[in-house]
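Contents: one structure, followed by commentary.
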Amino acid sequence: MLTPAGAAYVIDSPPFAGVRPLAERPAAHLWQRLQLVYGVGPVTESELRAQGYGDLRALCNHPRWGARAREVVEYINNRDIPRLRLAGARDSELLSFFAPHEIAAMDIETAGFARALPVFIVGVAWSDGQNWYIRQFIARQFDEEGGVLYLASKFLSDYPALVSYNGRAFDEPFVGARLLFHGIPRPSFALHYDIYQEVRQLRAAFDNCRLSTVARHIFDSDRGEDIPGRLVPELYYRYVQDRRHDLLLPIIEHNAKDLKDLCRLLDVNLLFPGDREWLKKAVSGG
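Numbering (the working numbering), first residue to last: 159 to 444.
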């Protein structure tokens, strides 16, 4: 596909069903989070609940905490995600503000860890509320990186919420650096939910925190034959040099498997809508 930034190759995979159909849902759990009010800790929250203040709307009538509770209620009503994050809301809770068609997932493949090196696959996924869809923007040679980034940026700009696995530390800043290099506008997101950040807090429950390991543990994901991520740069360099498609295809499949596991992990999250303990419950089977 030709773009103003150069050519790129695009693959659309067949749709696949998730763990369950996505469903639009309000931020119900946020209303129960009395600790979003500045100054309210676990002990105070227990005391307030014992006094009959079961949610933030009820707390608005409290003589001491009412004014601050009304501020948080306003944040929720206005979907003020930055202020809610500052108040202590988790990204897994804030994701409940977004309908399925507002959420995109992203996973990338790069020629190395240094941001001076190119991105050669940007894989994205999205849902129509019933099925997931995967699209991969692929650079068949180094000079197609600009086209890949142009198409990925244009696609992601339509989504206010991004979901990734270690994307806050790696994918998004890496793509941002490469977009800057090519002079392509960087998409902005109202929310970037990095599931890896929550997995790390339960690292003792897994052999390691790799996405494939977590997916296998939670929903018995079987990836079949899959290349280790550490081999991706080497295989790509060999592909660019030798032009052997059998070197590139395993990388494309690896990226698609990562995206599929990420989407299914997100579906598991949605089994516990807005619940900040969703991962712990999924791991324990609860």
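Cβ atoms here follow ideal geometry from the backbone N, Cα and C, with glycine treated the same way. Every value quoted in this text rests on a predicted model; they were computed, and no experiment measured them.
Near Val-390, which residues of its chain fall below 6 Å by C-beta distance, leaving aside the five closest residues on each side in sequence?
Position 232 of the sequence shown holds residue 390. These residues qualify, in order along the chain: Glu-267 and Ile-409.
Identify which residue in Leu-349, Tyr-395 and Arg-248 has its Cα closest to the Cα of Val-277.
Counting from 1 along the sequence shown, the entry for residue 277 is found at position 119. Residue Tyr-395 is the option with its Cα nearest to Val-277.
Looking at the structure shown, is Trp-223 part of a helix, part of a strand, or coil, going by DSSP?
The sequence position of residue 223 within the sequence shown is 65, counting from 1. Assigned with DSSP and collapsed to three states, Trp-223 falls in coil, not helix or strand.
Identify every run of the alpha helix (DSSP H) within the region 401-432, keeping only runs that are complete inside it and at least 4 residues long; order them along the chain.
Runs of the alpha helix (DSSP H) lying entirely within the region 401-432 and spanning at least 4 residues, in chain order: 403-428.
Return the CA-CA distance between Lys-438 and Ala-227, expressed in angstroms with no decimal places.
Along the sequence shown, one-based indexing puts residue 438 at 280. Along the sequence shown, one-based indexing puts residue 227 at 69. Their backbone Cα atoms lie some 28 Å apart in a straight line.
Is there contact between the region 352-370 and the region 293-311, where contact requires at least three CB pairs shorter than 8 Å?
no
Please return the same chain residues whose Cβ sits closer than 6 Å to the Cβ of Ser-315, not counting the five positions on each side in sequence.
Here residue 315 is taken as the residue at index 157 of the sequence shown, counted from 1. Closer than 6 Å at Cβ, skipping near neighbours: Pro-345.
Please classify Val-201 as buried or exposed, where buried requires at least 16 neighbouring CB atoms within 10 angstroms.
Stepping through the sequence shown from its first residue, residue 201 is reached at position 43. Exposed, because fewer than 16 other Cβ atoms sit within 10 Å of the Cβ of Val-201.
What distance in whole Å lies between the Cβ atoms of Glu-251 and His-187, which are believed to be in contact at a cut-off of 8 Å?
Locating residue 187 in the sequence shown gives position 29, counting from the first residue. Locating residue 251 in the sequence shown gives position 93, counting from the first residue. Right, the Cβ-Cβ distance comes to about 6 Å (below 8 Å), so this counts as a contact.
In the DSSP output, what is Thr-161 paired with across the bridge?
Working through the sequence shown from its first residue, we reach residue 161 at position 3. Paired residues: Gly-164.
Is the separation between the beta-carbon of Leu-420 and that of Val-333 shorter than 9 Å?
Sequence index remark: in the sequence shown, residue 420 carries index 262 (1-based). Sequence index remark: in the sequence shown, residue 333 carries index 175 (1-based). Remark: C-beta atoms of Leu-420 and Val-333 do not approach each other more closely than 9 Å.
Along the alpha helix (DSSP H) that carries Tyr-354, what are the first and last residues, could you check?
As a working mapping, residue 354 is identified with position 196 in the sequence shown. That run of the alpha helix (DSSP H) goes 353-358.
Counting pairs of Cβ atoms below 8 Å between the region 375-393 and the region 339-355, do you hit three or more?
no
Under the three-state reduction of DSSP, which class applies to Leu-275: helix, strand or coil?
Counted from its first residue, the sequence shown places residue 275 at position 117. Correct three-state label for Leu-275: coil.
Pop quiz: Gly-176 and Asp-425 are said to be a contact at Cβ under 8 Å. What is the actual Cβ separation, rounded to whole angstroms?
As a position in the sequence shown, residue 176 is number 18, starting the count at 1. As a position in the sequence shown, residue 425 is number 267, starting the count at 1. Taking a contact as a CB-CB distance under 8 Å, the pair Gly-176 and Asp-425 counts as one, their CB atoms being some 4 Å apart.
Roughly how many angstroms separate the alpha carbons of Gln-495 and Ala-373, rounded to a whole number?
Outside the shown range of the chain, which is 159 to 444, sits residue 495, and nothing can be said about it.
At which residue ranges does the region 275-334 contain complete alpha helix (DSSP H) runs of 4 or more residues, listed in the order of the chain?
Counting only runs of 4 or more, we get 303-314.
What residue from Ala-225, Glu-260 and Leu-253 has the CA that sits closest to Val-198's CA?
Position 40 of the sequence shown, counted from the start, is the residue given in the question as residue 198. When each option's Cα is compared against that of Val-198, the closest is Ala-225.
What residues are listed by DSSP as bridge partners for Glu-267?
Taking the first residue of the sequence shown as 1, we reach residue 267 at position 109. Looking at the DSSP assignment, Glu-267 forms a beta bridge with Ile-279.
Going along the chain, which residues of its own chain have a beta-carbon closer than 6 Å to the beta-carbon of Tyr-397, five neighbours each way excluded?
Residue mapping note: residue 397 aligns to position 239 of the sequence shown, counting from 1. Here the set comprises Leu-405 and Leu-406.
Going by alpha carbons, who is nearest to Leu-275 out of Leu-337, Lys-415 and Glu-203?
Counting from one through the sequence shown, the residue named residue 275 turns up at place 117. Of Leu-337, Lys-415 and Glu-203, the residue nearest in Cα terms is Leu-337.
Please tell me whether Ala-283 and Phe-295 are closer than 9 Å, where the distance is taken between their beta carbons.
Locating residue 283 in the sequence shown gives position 125, where the first residue counts as 1. Locating residue 295 in the sequence shown gives position 137, where the first residue counts as 1. No, Cβ-Cβ distance for Ala-283 and Phe-295 is not below 9 Å.
Could you check if Asp-212 is buried or exposed, using at least 16 other CB atoms within 10 Å of its CB as the buried criterion?
Position 54 of the sequence shown holds residue 212. Contrary to the premise, residue 212 reads as Gly rather than Asp in this sequence. It counts as exposed.
Taking the C-alpha atoms as reference points, what is the distance between Arg-191 and Leu-214?
Position 33 of the sequence shown, counted from the start, is the residue given in the question as residue 191. Position 56 of the sequence shown, counted from the start, is the residue given in the question as residue 214. If you take the alpha carbons of Arg-191 and Leu-214, they lie about 7 Å apart.
For His-412 and chain D, any beta-carbon pair shorter than 9 Å?
Looking for chain D here will not work: only one protein chain is present.
Ends of the alpha helix (DSSP H) at Glu-205?
Counting from 1 along the sequence shown, the entry for residue 205 is found at position 47. Note, Glu-205: alpha helix (DSSP H), 200-208.
Would a C-beta distance cut-off of 9 Å place Ala-414 and Phe-430 closer than the cut-off?
Counting from one through the sequence shown, the residue named residue 414 turns up at place 256. Counting from one through the sequence shown, the residue named residue 430 turns up at place 272. No. Outside cutoff.
To which residues of the same chain is Gly-341 closer than 7 Å at the C-beta, ignoring the five residues directly before and after it?
In the sequence shown, the residue the question calls residue 341 occupies position 183. Hits under 7 Å: none found.
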